[in-house]
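A quick write-up on the structure given underneath.
In my numbering, the protein residues as written are 39 to 147.
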């Protein structure tokens, strides 16, 4: 969802160039390779340990932290927010979503 909104000179497009008039979505193998490249330069050392520094060709479940680390490696800002199953947490979720999108739109909540 974020890719069409990145500037044309963004780091992501240096790794995955545009194809004609649309954005090239990386293949599964390219994404897996990005995990390994990110680990080599120090992103998500716990994830690297968990996956034993090997992702290409594996059929493994990945979580939000792993995705966030690869997005950061590609220069795309990301935040992982966990909402647990309790009343207080669920009450915060709509406020968080409103504040997040208001900030993105420049209409601070």
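Heads up, the beta-carbon is just placed ideally off N, CA and C, and yes, glycines get one too.
Nothing here was measured: the structure is a model prediction, and the numbers come from that model.
Within 10 angstroms of the beta-carbon of residue 130 lie fewer than 16 other beta-carbons, which makes it exposed. Residues 121 of the same chain have their beta carbon placed closer than 8 Å to that of residue 128, with the five preceding and five following residues left out of the count. As the crow flies, the alpha-carbon of residue 69 is around 8 Å from that of residue 108.
A direct Cα-Cα distance of roughly 17 Å separates residue 71 from residue 84.
The alpha helix (DSSP H) runs of length 4 or more contained entirely in the segment 68-102 are, from start to end of the chain, 83-88. Exposed is the label assigned to residue 102, since fewer than 16 other Cβ atoms lie within 10 Å of its Cβ. Taking a C-beta distance under 8 Å as the contact criterion, residue 76 and residue 111 qualify as a contact pair.
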